[in-house]
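Chains as they are written, first to last, in numbering that gives the first Met the number 0: chain A, 0 to 491; chain B, 0 to 216. Quick reminder that beta carbons are idealized off the backbone N, C-alpha and C, glycines included. What follows is a set of notes on a single structure, which appears directly below.
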Amino acid sequence: MRETGPAGVGGLAGERRPGDGELTERAGAAPAAHPGAEHGIIDAMPAGSSAPAAPSPTGLLTEVLRAPLNRRAWREAAYLLITGLTGLTGAVLLLVLLALGFGFVLSLLGAVLGLLLTVAGLGLARAEGRLHRRLAATLLGERIPAPRAPGARADAGLFGRLDHRLRDVSGWRQVGYVLAKLPLSLVGLYAVQWWVIGLINLTAPVRWGLFGQGDGGGILLMTPLPAGGSPTAHSFTGTLLGIPMGLVTLLIAPWFTRAVALVDRRLMRALLGPGSLAQRVRDLEETRALAVDDSVALLRRVERDLHDGAQVRLVALALGLDMVKSKLADESTLDLDAVRRLVDGAHHNATEALTELRDLARGIHPPVLDEGLAHALETLTARAPVPVQLTVDVSERPSPAIESIAYFCTAELLTNVIKHSGAARATVSAVTRPDGTLRLQIGDDGHGGAEAGTGSGLTGLLQRVRTVDGTLEIRSPQGGPTMITVDLPPRA
Amino acid sequence: MGAMRVVIAEDAAVLRELLVQMLDDRGYEVCAAVPDAEALRTAVAEHRPDVAIVDIRMPPTHTDEGLRAAIALRGEHPATGVLLFSQYVETKYATELLAGGSAGVGYLLKDRVANIAEFTAALDRVAAGGTALDPEVVTQLAGASRRTDDLATLTARERDVLGLMAEGRSNAAIAAALHVSAGTVEKHVASLFGKLGLPASEDMNRRVLAVLRFLRD
């Protein structure tokens, strides 16, 4: 059993990879802009990621002077500009939807319409959250794992589904984010304005040189501060004041945008991710249900295989033998050929029953798995009809349950390769990563296009992997190649 | 009277073909051997056989298609006996099957086909309008019965006779199975009917029904 204290849960949540809990197709994924971005943990403090050395006074000064030239600062400004606009739009739309929704609900007439509008608002918030998570990943290198999707309730009626949607805690947390982002968007746009004004002031002498003083009113040197007037330059020398003004503004701007971006990161981590302990509990409830369903499905499959396979063979064997017996009982009309045929049939049924039982037993637990994953995968890949290049580097044996899941994932993914990909060769690797995670990668040179929910069994695999907090990632662009990565914790 | 005419519905080809061969050897006329319930109903409507042998789990859902078809056949073609057979016997299925009366119905474990003599005897009984219940079914019914106090008043021999009677056997068949005379069986029958307060009847089917109803209670 895993410890489920808050500390343990927090640690887990922190280590989750992007795409945890959902299938992410990241063909041509955004480049990981920063070291450390891969784990979704990135040092949010300014200067942290680019200057690993201990800061010396001169280093600090360089850092300050160079800040406006830092690509990261530009990205942050771009992020604030884009999300400022989307954030404002989204928040206004959301407010309208929710206001209408609540209004209708309270009016009692049209309560259903009100609920539908509220659900639409939740959907909007989710979409907005998704967009901002993506922008944050691309521009800030801040990878926030997506919260669990509310999930379809095909069985319930309209009201059941509405109820399910309205109880969607993570959806409401995203609503919280969108609303909190509203003031932050304004501040962010204001911060971006510092960049713009700095650049405008800096170019004042150039503009004077190129265009003169325009309509004769002189060139306005702007200050980004809300209070105090802006000086106007009436001569070229006067415009030179724009240079220090612009420089100072530009030196401050990156720190301003960084601070706002930092607040936004915090906000996103708190509200856009899978989040709280309660969410974790719901996650566990769901994956437990999946685990139970999975084992029931397995037992049903075993029963069915026995019923349609070995049991039929054995009944036929017994019947055949009794037919032989009755033929042998009457020696006067003994037809040896008929007896031979019956015995042949009985023999065939007996060997078939043995084969079916052996396959069934191996399907439940391949004995070679007791020898370790390396041996089991060797046997598995050797049996595949396409050449498979196998790499195994498992330093410490995972628990038997993890080994079993790893084995059956590989088996099923290889079956997919053979059945669907049209590949000429495949690769399988099982490697223990430095943090103890067992990483399986199954790749092929086929035509790609693998997706969950297309009868490929990937959804089932994902569910099985999730039961132990594992992740499954599919990279399968049309035209291939396909690489499927399964990460499993060392202990279930 | 010509050969007894049989229709078989069984989805496993191995078993279906062997059954056809076995019944053929034994002088039955197999009119049709089909793999699912839909084809069974067509075949029975076409051939009007004396008896149909029906597997319970068949395509498409592999649950109780055979049972549903059997119940429908009892209504559509009362002259055709129905012998259900299956890997497992379920009291619930037996109860549903017998709800329409016990005449011309049977329910056996698939394993019973391995004893051809017993199996064909059961088949003949069902074709002739009698009953053939698997001993498993009878045991399950008796086990689930709330009348255990009443059953406890029976002697061991009387309980044997009750079980065989519930399977649908005649006095003569019971006598043969227990290696006693027909007269002895009749004495046991009279005694246990008295103890259980069952109505005495010469009609086989009514007798079987009375016993089953008693066991089911």
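Item	Value
Terminal residues of the alpha helix (DSSP H) in which Leu96 (chain A) lies	70-106
Cβ-Cβ distance between Met221 (chain A) and Ser229 (chain A) below 8 angstroms	yes
Beta-carbon proximity list for Val13 (chain B), same chain, < 8 angstroms, skipping 5 on both sides	none
Assumed close pair Leu318 (chain A), Leu17 (chain B) - CB separation to whole angstroms, cut-off 8 angstroms	6 angstroms
Interface flag, Asp304 (chain A) vs chain B, CB-CB below 8 angstroms	no
Closer than 8 angstroms to chain B by CB, Arg25 (chain A)	The predicted position of Arg25 (chain A) is uncertain, since its pLDDT is 36 and thus under 50; a value taken from the coordinates is nonetheless stated next. Taking Cβ atoms only, chain B never reaches closer than 8 angstroms to Arg25 (chain A), which makes this a no.
Chain B contact for Glu14 (chain A) (CB, 8 angstroms cutoff)	Residue placement at Glu14 (chain A) is poorly supported in this model, since its pLDDT is 37, which falls under 50; the coordinates are not used for a value here.
For Glu95 (chain B) and Arg168 (chain B), the rounded distance between their alpha carbons	20 angstroms
Option in A:Val323, A:Ala252, A:Pro243, A:Ser475 with minimal Cα separation from Leu188 (chain A)	A:Ala252
Under the three-state DSSP convention, the category Gln388 (chain A) falls into	strand
Straight-line Cα distance separating Ala290 (chain A) from Pro225 (chain A)	59 angstroms
Beta-carbon proximity list for Asn204 (chain B), same chain, < 8 angstroms, skipping 5 on both sides	Gly100, Ser101, Ala102, Gly128, Gly129, Thr130
Cutoff 8 angstroms: Arg300 (chain A) Cβ touching any chain B Cβ	no
Cβ pair Val5 (chain B), Cys30 (chain B) closer than 8 angstroms	yes
Min CB distance Arg339 (chain A) to chain B below 8 angstroms	no
Anticipated Cβ contact below 8 angstroms, Ile143 (chain A) with Arg268 (chain A), distance rounded	6 angstroms
Bridge-paired residues (DSSP) for Leu82 (chain B)	B:Ile52, B:Gly105
Coarse secondary structure for Asp321 (chain A), derived from DSSP in three states	helix
Own chain, CB closer than 6 angstroms to Arg146 (chain B), minus 5 neighbours either side, in chain order	Asp216
Unbroken beta strand (DSSP E) run spanning Val467 (chain A), endpoints	No beta strand (DSSP E) holds Val467 (chain A); DSSP gives it neither H nor E.
Alpha-carbon spacing of Leu161 (chain A) relative to Tyr406 (chain A), whole angstroms	40 angstroms
Beta-carbon gap between Gly445 (chain A) and Gly479 (chain A) smaller than 8 angstroms	yes
Simplified DSSP state of Ile143 (chain A), which is helix, strand or coil	coil
Chain-order list of residues whose beta-carbon lies under 6 angstroms from that of Leu11 (chain A) (same chain, five-residue window excluded)	Any reading at Leu11 (chain A) must be qualified, since the residue scores a pLDDT of 34, below 50, and its modelled position is unreliable; no value is offered.
Neighbourhood of Glu355 (chain A) by C-beta distance below 6 angstroms, restricted to the same chain and skipping five residues each side	Gly308, Ala309
Stretch pair the stretch 241-248 of chain A + the stretch 202-209 of chain A: three plus CB contacts closer than 8 angstroms	yes
Alpha helix (DSSP H) runs contained entirely in the stretch 274-359 of chain A, provided each spans 4 or more residues	276-307, 309-328
Straight-line gap, Arg67 (chain B) to Gly74 (chain B) (C-alpha atoms, nearest Å)	11 angstroms
Assigned secondary structure, Glu185 (chain B) (DSSP; H/G/I helix, E/B strand, else coil)	helix
Simplified DSSP state of Gln440 (chain A), which is helix, strand or coil	strand
The alpha helix (DSSP H) enclosing Val427 (chain A), as first and last residue numbers	Run containing Val427 (chain A): none in the alpha helix (DSSP H); it sits in the beta strand (DSSP E), 425-431.
Touching by the beta-carbon criterion (3+ pairs, under 8 angstroms), the stretch 363-380 of chain A and the stretch 390-399 of chain A	yes
Residue from A:Leu121, A:Leu123, A:Leu99 with nearest C-alpha to Asp113 (chain A)	A quick correction: the sequence has Gly, not Asp, at residue 113 (chain A). Answer by Cα proximity: A:Leu99.
Between the CA atoms of Val174 (chain A) and Gly7 (chain A) - distance to the nearest angstrom	With a pLDDT of only 34 at Gly7 (chain A), under 50, the local geometry of the prediction cannot be trusted, and the value read off the model is given with reservation. Rounded to whole angstroms, Gly7 (chain A) to Val174 (chain A) spans 27 angstroms at the Cα level.
Closer than 8 angstroms to chain A by CB, Val112 (chain B)	yes
Residue-chain proximity (Leu66 (chain B), chain A), Cβ-Cβ < 8 angstroms	no
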